[in-house]
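>
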Amino acid sequence: MARKAIVRVAHWTRTKAELADLARRAQTGEALPETDYQLGFASAAQLFDELTPARLAMLDRLKGLGPVSIVALAGHLARDSRQVQIDIAKLLDLALVEQDATGLVCVPWDEIQIQVTLARAKAA
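Note that the sequence shown covers residues -14 to 109 in this note's numbering.
Structural data, given as structure tokens:
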């Protein structure tokens, strides 16, 4: 099974319902399906504040390179090593990137999906 990360705008009511369903299923002893890594943001604006165009480009390049040092990654991106380190730290916090004991970073996911649904607001 492919390991997948799903990044999405996750409204609290939906997330709460999903968690309650999982808890109910676990309490009844029901086998829980393998799940993808899910990362939720409160809004599209927040999602794209965290996953900037530079960070998305970094994920894409890193996915193609495989495990690499931050200095080497900076070279491949033609970016300053210090700024790449800052972006990698954020991607590590979001669990979209992993770093091994030797300092090499990689994207552990076979696939990363970003889901943003924009809907018309209901009239008051």
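By construction, the Cβ of each residue, glycine as well, lies at the ideal position given by its N, Cα and C atoms.
Compute the distance between the beta-carbons of R(-7) and G14, then report whether it is under 7 Å.
For R(-7) and G14, no; Cβs fall outside 7 Å.
> By a C-beta neighbour count over all protein chains shown, 10 Å radius and 16 as the cutoff for buried, is D34 buried or exposed?
So D34 ends up on the exposed side.
> Name the one or two DSSP bridge partners that Q68 has.
DSSP output for Q68 lists no bridge partner at all.
> Looking at the secondary structure, which residues open and close the alpha helix (DSSP H) in which E35 lies?
29 to 35
> In the DSSP assignment, find the unbroken beta strand (DSSP E) run with V(-8) in it and report its ends.
Taken as a continuous stretch (DSSP letters only), the beta strand (DSSP E) holding V(-8) covers -11 to -6.
> In terms of residue numbering, what span does the alpha helix (DSSP H) encompassing L24 cover?
Careful: L24 lies outside any alpha helix (DSSP H), inside the beta strand (DSSP E) at 22 to 26.
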